[in-house]
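Data block below; observations after.
Protein chains: 2
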Amino acid sequence: MCELLGMSANVPTDIVFSFTGLMQRGGGSGPHRDGWGVGFYEGRGLRLFQDPQASIDSEVARLLTRYPIKSEVVIGHVRQANVGTVCLANTHPFSRELWGRNWCFAHNGQLSDFTPLGSFYRPVGDTDSEAAFCDLLNRVRAAFAEPVAWGRLLPVLVEAASHYRRHGVFNCLLSDGDWLFTCCTSKLAWITRRAPFGPACLRDVDVSVDFGSETTPDDVVTVIATEALTSNERWQCYQPGEWRLWQRGECLATGQL
Amino acid sequence: MCELLGMSANVPTDIVFSFTGLMQRGGGSGPHRDGWGVGFYEGRGLRLFQDPQASIDSEVARLLTRYPIKSEVVIGHVRQANVGTVCLANTHPFSRELWGRNWCFAHNGQLSDFTPLGSFYRPVGDTDSEAAFCDLLNRVRAAFAEPVAWGRLLPVLVEAASHYRRHGVFNCLLSDGDWLFTCCTSKLAWITRRAPFGPACLRDVDVSVDFGSETTPDDVVTVIATEALTSNERWQCYQPGEWRLWQRGECLATGQL
Chain A
1 MCELLGMSAN VPTDIVFSFT GLMQRGGGSG PHRDGWGVGF YEGRGLRLFQ
51 DPQASIDSEV ARLLTRYPIK SEVVIGHVRQ ANVGTVCLAN THPFSRELWG
101 RNWCFAHNGQ LSDFTPLGSF YRPVGDTDSE AAFCDLLNRV RAAFAEPVAW
151 GRLLPVLVEA ASHYRRHGVF NCLLSDGDWL FTCCTSKLAW ITRRAPFGPA
201 CLRDVDVSVD FGSETTPDDV VTVIATEALT SNERWQCYQP GEWRLWQRGE
251 CLATGQL
Chain B
1 MCELLGMSAN VPTDIVFSFT GLMQRGGGSG PHRDGWGVGF YEGRGLRLFQ
51 DPQASIDSEV ARLLTRYPIK SEVVIGHVRQ ANVGTVCLAN THPFSRELWG
101 RNWCFAHNGQ LSDFTPLGSF YRPVGDTDSE AAFCDLLNRV RAAFAEPVAW
151 GRLLPVLVEA ASHYRRHGVF NCLLSDGDWL FTCCTSKLAW ITRRAPFGPA
201 CLRDVDVSVD FGSETTPDDV VTVIATEALT SNERWQCYQP GEWRLWQRGE
251 CLATGQL
């Protein structure tokens with residue numbers, strides 16, 4: 001299994017605090033030693049940092065804990081391999097271009113007896129996760145050759161996620177840089193921070209932050225993680241089968257697979 | 001204009017020395033302040049570092065000058081913008097998946113009155129370079145739905161490059177992680193280092209290296225750059241219109257557009 005970290009915000013926000021907690025789980029307080037990765041959207045651009053080694057040992061991960069990259073959508077992952085060897089090509093998040101946008105995907109879970117549809121997008125590595133991502137993009141492309149708004153896209157995403165769920169555990173984060181689609185079949189939690197902002201303390205390492213001094217009253221920042229990252233805030237758990245679509249920190253739509 | 005840096009080697013080799021020279025040209029000894037990027041292949045995986053700020057000021061670029069990433073194929077670029085704003089989405093190198101492989105591309109030059117063909121691969125940003133890359137991949141996909149060996153692929157690449165040349169300057173580096181296709185319409189140089197290895201001194205900054213102490217007798221490493229990076233070695237210049245295909249440090253094929 002793996003751990004996911006996502007963010008959706010209405011203002012470019014750095015994720016150094018949450019990332020510091022997550023990377024402890026990559027070989028420190030958690031067993032996920034088989035690589036890590038984070039994708040940061042900056043406008044339509046996607047900046048992807050990945051490493052097949054444990055985040056706790058990673059020079060690049062250390063850089064990210066002191067180098068604040070401001071982004072409105074972030075997708076992160078620390079990996080404990082089950083399917084696929086430990087190598088860069090098997091390291092989440094995965095990305096592909098569709099409709100002239102960068103799509104980015106990370107998955108927690110395992111899919112068995114899963115045969116991907118379509119041949120346009122093909123996995124580079126050999127994980128079930130990347131196969132599912134390619135399958136999902138092939139489904140979207142088959143449904144819509146040209147870009148559509150999220151309202152029309154959503155049923156295709158939900159149907160695909162329902163299909164993957166029948167093959168195993170499918171907790172995922174997916175974004176095109178604008179919206180963030182999240183789906184839980186076993187474990188995922190979220191928190192939306194907005195004014196009045198207060199202090200927060202990480203669970204995995206002795207680090208705290210006062211969001212009040214780093215934000216403006218209009219900021220809305222939602223963080224999604226496999227497990228709550230802080231000890232003094234109330235995170236909400238997704239129900240098994242629950243999906244949520246986030247945009248600019250707010251939940252646009254939610255439902256059950 | 002921009003500066004290119006490519007490497008093809010028969011053994012995973014770090015490019016810290018050459019990169020140290022290149023990044024000086026990103027706002028130090030050179031005017032290319034509008035971003036930089038480097039793609040490192042590790043097996044089938046591609047690790048892409050990009051920054052829309054000058055490499056000389058970039059925290060990530062500094063990391064790369066002290067963090068040796070070993071790779072058999074590298075594509076790097078520092079940018080001086082002519083077409084497209086300065087932002088992450090317009091920062092080379094660009095990458096796309098085709099046939100289950102990561103393709104990576106960087107371009108030096110400017111193309112005018114250029115209308116891309118095909119609609120599958122679409123630019124995320126608004127540079128002529130990314131438009132040409134997408135056009136090239138659409139041509140390859142139109143010619144071959146399934147993977148082909150480089151011998152069959154090469155005529156498609158050469159024909160595409162000949163087409164772009166009619167629209168302006170097209171010096172480029174392109175790879176699928178196995179081979180490195182290089183093409184020059186105005187300025188590009190190369191050097192192949194093999195035993196006996198000797199010392200090398202950068203032109204742009206007072207740094208030297210003794211390759212003899214870092215290599216084995218069987219290593220073959222070719223470096224391609226817009227201009228010679230070292231002052232004490234004999235680099236060879238591409239002729240205008242010359243292309244070369246490299247693999248594992250050796251030139252597999254060469255010709256004229």
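Sequences listed follow chains A and B, in order. Mapping of the first sequence onto UniProt numbering: position 212 corresponds to residue 212, and the numbering continues sequentially without gaps. Mapping of the second sequence onto UniProt numbering: position 90 corresponds to residue 90, and the numbering continues sequentially without gaps. Note that the Cβ used here is the ideal one computed from N, Cα and C, for glycine as well. Quick caveat, the model's predicted, so the values are computed rather than measured.
Kindly indicate which residue of A:His163, A:Phe181 and A:Ser231 has the alpha-carbon position closest to the one of A:Asp113.
-> To locate residue 113 of chain A, count along the first sequence from 1; it is residue 113. For A:Asp113, the nearest C-alpha among the options comes from A:His163.
Can you list, in chain order, the residues of its chain whose CB lies under 6 Å from that of A:Leu136, leaving out five sequence neighbours each side?
-> Working through the first sequence from its first residue, we reach residue 136 of chain A at position 136. The beta carbon of A:Leu136 sits closer than 6 Å to the beta carbons of Ala160 from its chain, once the five residues preceding and following it are set aside; these are given in chain order.
Measuring CA to CA, which of A:Gly100, A:Ala143 and A:Ser95 is closest to A:Ser129?
-> In the first sequence, residue 129 of chain A corresponds to position 129, counting from 1. Selected option, being the one with the closest Cα: A:Ser95.
To the nearest angstrom, how far is it from the Cα of B:Thr215 to the Cα of B:Phe197?
-> By one-based count along the second sequence, residue 215 of chain B stands at place 215. By one-based count along the second sequence, residue 197 of chain B stands at place 197. Cα-Cα distance, rounded: 8 Å.
Check whether B:Gly37 and B:Thr85 have beta carbons under 8 Å apart = Taking the first residue of the second sequence as 1, we reach residue 37 of chain B at position 37. Taking the first residue of the second sequence as 1, we reach residue 85 of chain B at position 85. No, the pair does not count as a contact, with Cβ atoms beyond the cut-off.
The alpha helix (DSSP H) spanning A:Gln239 covers which residue range?
-> Against the first sequence, residue 239 of chain A aligns to sequence position 239. First-last for A:Gln239: undefined, no H or E at that position.
Of all the CB atoms in chain A, is at least one closer than 8 Å to the CB of B:Arg33?
-> As a working mapping, residue 33 of chain B is identified with position 33 in the second sequence. Output row for B:Arg33: interface = no.
Less than 8 Å between the CB atoms is what I'm expecting for B:Gly241 and B:Ser8, so what's the real figure, rounded?
-> The residue labelled residue 241 of chain B in the question sits at position 241 within the second sequence. The residue labelled residue 8 of chain B in the question sits at position 8 within the second sequence. Rounded, the Cβ-Cβ distance is 21 Å, inconsistent with contact.
Please confirm if A:Gln53 has its CB atom under 8 Å from at least one CB of chain B.
-> Here residue 53 of chain A refers to the residue found at position 53 when the first sequence is read from its first residue. No, A:Gln53 lies away from the interface with chain B (no Cβ there is under 8 Å from its Cβ).
Below 8 Å between beta carbons: does that hold for A:Phe170 and A:Thr185?
-> The count along the first sequence starts at 1 and reaches residue 170 of chain A at position 170. The count along the first sequence starts at 1 and reaches residue 185 of chain A at position 185. Yes. Within cutoff.
Given a limit of 7 Å on CB to CB distance, which residues of the region 122-146 of chain B reach chain A?
-> Arg122, Pro123, Val124 and Gly125
Cβ of A:Thr192 within 8 Å of any chain B Cβ = Residue mapping note: residue 192 of chain A aligns to position 192 of the first sequence, counting from 1. In terms of beta-carbon proximity, A:Thr192 stays away from the interface with chain B, with every pair separated by 8 Å or more.
In terms of DSSP beta bridges, what is A:Val15 paired with?
-> As a working mapping, residue 15 of chain A is identified with position 15 in the first sequence. Correcting the residue identity first, residue 15 of chain A is Ile in this sequence and not Val. For A:Ile15, which the question treats as bridged, DSSP gives no partner whatsoever.
Using 8 Å as the Cβ pair cut-off and three pairs as the minimum, do the region 134-154 of chain A and the region 192-208 of chain A touch?
-> no
Under the rule that 16 or more other beta-carbon atoms within 10 Å means buried, what is A:Asp55, buried or exposed?
-> Reading the first sequence from its first residue, position 55 is the one you call residue 55 of chain A. A quick correction: the sequence has Ser, not Asp, at residue 55 of chain A. Looking at its Cβ environment, which holds 16 or more other Cβ atoms inside 10 Å, A:Ser55 is buried.
Starting from B:Thr65, follow the alpha helix (DSSP H) in both directions and report where the run begins and ends.
-> On the second sequence, position 65 is the one that residue 65 of chain B refers to. Where B:Thr65 is concerned, the enclosing alpha helix (DSSP H) stretches over Glu59 to Arg66.
Check the DSSP bridge columns for A:Ala253 and list the partner residues they point to.
-> Taking the first sequence and counting its residues from 1, one reaches residue 253 of chain A at position 253. BP columns for A:Ala253 point to A:Leu245.
Do A:Leu229 and A:Leu202 come within 8 Å of each other at the CB atom, strictly closer than that value?
-> In the first sequence, the residue the question calls residue 202 of chain A occupies position 202. In the first sequence, the residue the question calls residue 229 of chain A occupies position 229. Yes, Cβ-Cβ distance for A:Leu202 and A:Leu229 is below 8 Å.
Name the two residues that bound the continuous beta strand (DSSP E) containing B:Phe94.
-> Within the second sequence, residue 94 of chain B is the residue found at index 94, counting from 1. First-last of the beta strand (DSSP E) with B:Phe94: Phe94 to Leu98.
Among all the DSSP beta bridges, which residues are the ones paired with A:Leu202?
-> Position 202 of the first sequence, counting from 1, holds the residue named residue 202 of chain A. In DSSP, A:Leu202 forms a bridge with A:Thr230.
Any C-beta of chain A sitting closer than 8 Å to the C-beta of B:Cys183?
-> As a working note, residue 183 of chain B is residue 183 in the second sequence. So, not an interface residue.
First and last residue of the alpha helix (DSSP H) that includes residue 266 of chain A?
-> Because chain A here runs from 1 to 257, residue 266 of chain A falls outside it and cannot be looked at.
B:His107, enclosing beta strand (DSSP E) - first and last residue = Your numbering for residue 107 of chain B matches position 107 in the second sequence. Here the beta strand (DSSP E) through B:His107 covers Arg101 to Asn108.
Considering only the beta carbon of each residue, do A:Val73 and A:Tyr41 sit closer than 8 Å?
-> Taking the first residue of the first sequence as position 1, residue 73 of chain A is located at position 73. Taking the first residue of the first sequence as position 1, residue 41 of chain A is located at position 41. Result yes, Cβ atoms of A:Val73 and A:Tyr41 sit closer than 8 Å.
Which residues share a DSSP beta bridge with B:Trp190?
-> Indexing the second sequence from 1 puts residue 190 of chain B at position 190. Paired residues: B:Ile224 and B:Gln236.
Helix, strand or coil for B:His163, going by three-state DSSP, please let me know.
-> Sequence index remark: in the second sequence, residue 163 of chain B carries index 163 (1-based). It is helical.
Closer than 8 Å, CB to CB, is A:Leu154 near chain C or not?
-> Of the chains in the structure shown, none is chain C; the protein chains are A and B.
From the beta carbon of B:Cys87, is the nearest beta carbon of chain A less than 8 Å away?
-> Here residue 87 of chain B is taken as the residue at index 87 of the second sequence, counted from 1. So yes, B:Cys87 belongs to the interface.
Under 8 Å between the Cβ atoms of A:Ala225 and A:Cys172?
-> For the purposes of this step, residue 225 of chain A is taken as residue 225 along the first sequence, with counting starting at 1. For the purposes of this step, residue 172 of chain A is taken as residue 172 along the first sequence, with counting starting at 1. In this structure, A:Cys172 does not lie closer than 8 Å to A:Ala225 by Cβ.
Spatial distance of B:Ile69 from A:Arg139 (CA atoms) = Position 69 of the second sequence, counted from the start, is the residue given in the question as residue 69 of chain B. Position 139 of the first sequence, counted from the start, is the residue given in the question as residue 139 of chain A. In this structure, the straight-line span from the alpha carbon of B:Ile69 to that of A:Arg139 is close to 36 Å.
Give the interface partners of B:Gln50 over in chain A, defined as CB-CB distance under 7 Å, in chain order.
-> Position 50 of the second sequence, counting from 1, holds the residue named residue 50 of chain B. The contacting residues are Arg47.
Can you list the residues of chain A that B:Leu63 reaches, using a CB-CB cut of under 8 Å?
-> In the second sequence, counting from the first residue as 1, residue 63 of chain B sits at position 63. Per Cβ cutoff of 8 Å: Glu59, Val60 and Leu63.
A:Trp99 versus chain B: which residues are under 7 Å apart at the beta carbon?
-> Numbered from its first residue, the first sequence carries residue 99 of chain A at position 99. Going along chain B in sequence order, the residues near A:Trp99 (Cβ under 7 Å) are Arg122.
Alpha carbon to alpha carbon, how far is A:Asp204 from A:Lys187? Give it in angstroms, no decimals.
-> One-based indexing of the first sequence puts residue 187 of chain A at position 187. One-based indexing of the first sequence puts residue 204 of chain A at position 204. Their Cα atoms are separated by approximately 18 Å.
Chain-ordered chain B contacts of A:Tyr67 [CB-CB under 8 Å] = Position 67 of the first sequence holds residue 67 of chain A. Those are Glu59 and Val60, listed as they occur along chain B.
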